[in-house]
Amino acid sequence: MSSIAIEEPLAAARTALAAGRLTEAEAACEARLAQQAADPRALHLLALVRFRCGRGEEALRLLERALRADPALVAVQSDLGAMQVMLGHPEAALAPLRAALALDAGHIEARTNLGNALHACGELEAAEAEYRRAVAADAHHGRANLSLGNLLVQLRRPAEALPFLEAARATAPESAAVHAFLGNGLRDAGRVEEAVASYRRAIALEPGQAEASESLGLMLKNGTDYAEALPLLRASGKPYAHAQALECLLRLGRHEEFFEEIRGHSEAEATNLHSASLAAYASWHLGRRDPHPFCPDPLQRVRVMDVYTGVGADQAFLQDLIREASQVTAIWEPRGVTTIGGFQTGGNLFRHGFPALARLERDILAGLERYRAALMPTSMTMITRWPGTLRLQGWFVRLLTGGHQHFHNHPFGWMSGCLYLQLPQRAAAGEGAIEFGLESGAYPRLSERPSPTLLHQPKPGQIAFFPSSLYHRTIPFRSDEERLCIAFDLLPP
Numbered sequence: 002m003s004s005i006a007i008e009e010p011l012a013a014a015r016t017a018l019a020a021g022r023l024t025e026a027e028a029a030c031e032a033r034l035a036q037q038a039a040d041p042r043a044l045h046l047l048a049l050v051r052f053r054c055g056r057g058e059e060a061l062r063l064l065e066r067a068l069r070a071d072p073a074l075v076a077v078q079s080d081l082g083a084m085q086v087m088l089g090h091p092e093a094a095l096a097p098l099r100a101a102l103a104l105d106a107g108h109i110e111a112r113t114n115l116g117n118a119l120h121a122c123g124e125l126e127a128a129e130a131e132y133r134r135a136v137a138a139d140a141h142h143g144r145a146n147l148s149l150g151n152l153l154v155q156l157r158r159p160a161e162a163l164p165f166l167e168a169a170r171a172t173a174p175e176s177a178a179v180h181a182f183l184g185n186g187l188r189d190a191g192r193v194e195e196a197v198a199s200y201r202r203a204i205a206l207e208p209g210q211a212e213a214s215e216s217l218g219l220m221l222k223n224g225t226d227y228a229e230a231l232p233l234l235r236a237s238g239k240p241y242a243h244a245q246a247l248e249c250l251l252r253l254g255r256h257e258e259f260f261e262e263i264r265g266h267s268e269a270e271a272t273n274l275h276s277a278s279l280a281a282y283a284s285w286h287l288g289r290r291d292p293h294p295f296c297p298d299p300l301q302r303v304r305v306m307d308v309y310t311g312v313g314a315d316q317a318f319l320q321d322l323i324r325e326a327s328q329v330t331a332i333w334e335p336r337g338v339t340t341i342g343g344f345q346t347g348g349n350l351f352r353h354g355f356p357a358l359a360r361l362e363r364d365i366l367a368g369l370e371r372y373r374a375a376l377m378p379t380s381m382t383m384i385t386r387w388p389g390t391l392r393l394q395g396w397f398v399r400l401l402t403g404g405h406q407h408f409h410n411h412p413f414g415w416m417s418g419c420l421y422l423q424l425p426q427r428a429a430a431g432e433g434a435i436e437f438g439l440e441s442g443a444y445p446r447l448s449e450r451p452s453p454t455l456l457h458q459p460k461p462g463q464i465a466f467f468p469s470s471l472y473h474r475t476i477p478f479r480s481d482e483e484r485l486c487i488a489f490d491l492l493p494p
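Start counting at 1 in the sequence shown, then tack on 1, and there's your number in my numbering.
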């Protein structure tokens, strides 16, 4: 068969894919694969089509087949990593992206994708370094500039971020997303009018653009313009924005509409933990039944298990965990978290290959299954849509004298928990304890009653399990001691 005949289906597939004609592109790829089932270029293109069709896992398998046929395809390695990040598996993305860069250190797409993977893993310094390498190689690369600018905004360095965001805008002046993220940088730099203009430009280019609608809606809400903020937050479609729209209803006194909207929830809204937290709070204060299906009455779902306590407890194991966790880089009061007066690790503590941590991961997963079994049968979404594959994200927290954590929850988790390794022994009663509650103090006041709380004074070796939607904090302690724990989230399905 001539090379022209071989290329024709792939050329047709590329053209159709670029034009968004996915069915046509898929047919062209399959025509080529009918001729040669292991053609890595056809597998690659078909993977891109399937991913665009929302069939992400199929796309991953196709890319893996392409690499088995030819592991030296840099673009396939890069796209495999990029898809893993977008599907929520950033750690799995690292190997193919590093393989791509080993083949071609100047591949800017792979370099940017590696930055995105590291960013998603919580390795922010490493992510920044990769983005800067990409921008140094091509100062006009739009995605690298945008990614670096977004990270710097997250790191609260907006003035430093703006040149990169403006470079991204120069590359893609008609991109609504770029205008939205530039708006975030301008907002955090205190240039509010320019930020609003950037958000409005994004929405003009793409009505309902998620990032711009959310950000502008939040600016209006924070300025107490709840009525104008409400449609923007609803238009965003993002889970946090929807919860903020619900809060606007409460602040506007539209309580019945609030409860009706939650009762008529979509399937996706059933796992919106931002909304679940707000619903639990509002229901308690307004004397209503909690209509959110994720985990009604979350304070009643706290469980503490004495896993490594009592006679015969394996104290050496707790010391092994402290030793291993202390070898992972920890940051003093890291940005974006609530740890005050202490250190916290980034990334995933369970992915460092330490044996004691591997045993702990197995023990936590077993404890989670016992927790689930104890609540059966139930109609709550947290249990009925329990993840089929259990995946943990863990981090080590070391609090020093005066250390604490403000009320917060884990809206991107499913179940959360904490293993207590070392507690202050000379602290006053209640100090160093964990307290659970229904709010952080930011919700509107809906009654004269104080919100209910639950205080637990933990012991070394105990594991607390609770819904990720539930607020919790660590009470400060004044003794000259350290409080050590390993916190974790069971990740959503």
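We put the beta carbon where it would ideally sit given N, CA and C, even for glycine. All figures in this text were calculated on a predicted structure; none of them were measured in a lab.
**Request:** Return helix, strand or coil for Y421, following the three-state DSSP convention.
**Result:** In the structure shown, Y421 sits in a strand (DSSP, three-state: E or B).
**Item:** Outcome for F478 when other beta-carbon atoms lying within 10 angstroms are tallied against a minimum of 16
**Value:** When all chains shown are included, F478 counts as buried.
**Item:** Beta-carbon gap between G368 and R484 smaller than 8 angstroms
**Value:** No, the Cβ-Cβ distance between G368 and R484 is not below 8 angstroms.
**Message:** Run through the DSSP bridge pairs and tell me what V305 is partnered with.
**Reply:** Beta-bridge analysis with DSSP links V305 to A465.
**Request:** Return the first residue and the last residue of the beta strand (DSSP E) that R484 is part of.
**Result:** The continuous beta strand (DSSP E) containing R484 extends over residues 484-491.
**Item:** Of the listed residues E449, T330, A100, nearest to R399 (C-alpha basis)
**Value:** Of the listed residues, the one whose Cα sits closest to R399 is T330.
**Asked** Given a threshold of 16 other Cβ atoms within 10 Å of its Cβ, counted over all protein chains shown, does P208 qualify as buried or as exposed?
**Response** A residue is called buried when at least 16 other Cβ atoms come within 10 angstroms of its Cβ; P208 does not meet this threshold and is exposed.
**Request:** Note down, one range per segment and in chain order, each alpha helix (DSSP H) of at least 4 residues found wholly within the stretch 193-223.
**Result:** As summarised for the stretch 193-223, the continuous alpha helix (DSSP H) elements at least 4 residues long and confined to that stretch are 193-206, 211-223, given in chain order.
**Prompt:** Are the stretch 54-69 and the stretch 299-316 in contact at 8 angstroms, needing three or more beta carbon pairs?
**Reply:** No: fewer than three Cβ pairs fall under 8 angstroms.
**Message:** Between which two residues does the beta strand (DSSP E) holding E436 run?
**Reply:** Residues 435-438.
**Request:** Give me the Cα-Cα distance between A1 and Y227, rounded to the nearest whole angstrom.
**Result:** Missing from the structure shown is residue 1; the chain here goes from 2 to 494 and no further.
**Request:** Output the residue ranges of the alpha helix (DSSP H) runs that lie fully inside the stretch 301-375 and measure 4 residues or longer, sorted by chain position.
**Result:** Runs found: 316-326.
**Item:** S216 classed as buried or exposed, judged by whether at least 16 other C-beta atoms fall within 10 angstroms
**Value:** When all chains shown are included, S216 counts as buried.
**Message:** Quick check on H286: buried or exposed, where buried means 16 or more other Cβ atoms within 10 Å of its Cβ?
**Reply:** H286 is buried by the Cβ-count criterion.
**Message:** Going by beta-carbon coordinates alone, are L152 and E129 separated by less than 8 angstroms?
**Reply:** A contact, by the Cβ cut-off of 8 angstroms.
**Request:** Give the DSSP-derived three-state secondary structure of G414 in the structure shown.
**Result:** The answer is coil: DSSP assigns G414 none of H, G, I, E or B.
**Residue burial classification, A38 (beta-carbon count within 10 angstroms, cutoff 16)** = Counting Cβ neighbours within 10 Å, A38 comes out exposed, since fewer than 16 surround it.
**CA-to-CA distance, R62 to A14, given in whole angstroms** = Answer to the nearest angstrom: the Cα atoms are 19 angstroms apart.
**Asked** Which whole runs of the alpha helix (DSSP H) in the stretch 20-58 are 4 residues long or more, in chain order?
**Response** Uninterrupted alpha helix (DSSP H) stretches at least 4 residues long and entirely within the stretch 20-58 occur at 23-36, 41-53, given in chain order.
**Request:** Give every residue of the same chain whose Cβ lies closer than 7 angstroms to the Cβ of W387, excluding the five residues on either side of it in the sequence, and list them in chain order.
**Result:** Excluding residues within five positions, the ones whose Cβ falls inside 7 angstroms are R373.
**Request:** Compare the C-alpha of F437 against each of P453, A211, P425, R427 and name the closest.
**Result:** Minimum Cα distance to F437 is reached at P453.
**Asked** Taking just the CA atoms, how far does R324 sit from G343?
**Response** Going from the Cα of G343 to the Cα of R324 covers about 17 angstroms.
**Asked** Would you report the Cα separation of T339 and A375, rounded to the nearest angstrom?
**Response** Roughly 31 angstroms separates the two Cα atoms.
**Message:** Measuring straight from C-alpha to C-alpha, what distance separates R158 and E370?
**Reply:** Rounded to whole angstroms, R158 to E370 spans 42 angstroms at the Cα level.
**Request:** Within the same chain, show all residues whose beta-carbon is closer than 6 angstroms to that of S3, passing over the 5 residues directly before and after it, in chain order.
**Result:** Per-residue confidence for S3 stands at a pLDDT of 35, beneath the threshold of 50, marking its modelled position as unreliable; the derived number appears in the next sentence. Cβ within range, chain order: n/a, list empty.
**Prompt:** For H286, which of helix, strand or coil comes out of DSSP?
**Reply:** In the displayed model, H286 falls within a helix according to three-state DSSP.
**Message:** Taking a contact to mean a Cβ-Cβ separation below 8 angstroms, would you say C249 touches S470 in this structure?
**Reply:** At a Cβ-Cβ threshold of 8 angstroms, C249 and S470 do not count as neighbours.
**Request:** Go through its chain and collect everything with a Cβ distance to A211's Cβ below 7 angstroms, but skip five positions before and after it.
**Result:** Excluding positions up to five away in sequence, the list reads S237, G238, K239.
**Message:** Residues in the same chain with beta-carbon distance under 6 angstroms from Q458, minus the five sequence neighbours each way, listed in chain order, please.
**Reply:** Only A434 meet the Cβ criterion.
**Message:** From the DSSP secondary-structure annotation, give me the bridge partner or partners of F397.
**Reply:** Looking at the DSSP assignment, F397 forms a beta bridge with I487.
**Prompt:** At what residues does the beta strand (DSSP E) containing L391 begin and finish?
**Reply:** Premise fails: L391 is in no beta strand (DSSP E) and is neither H nor E.
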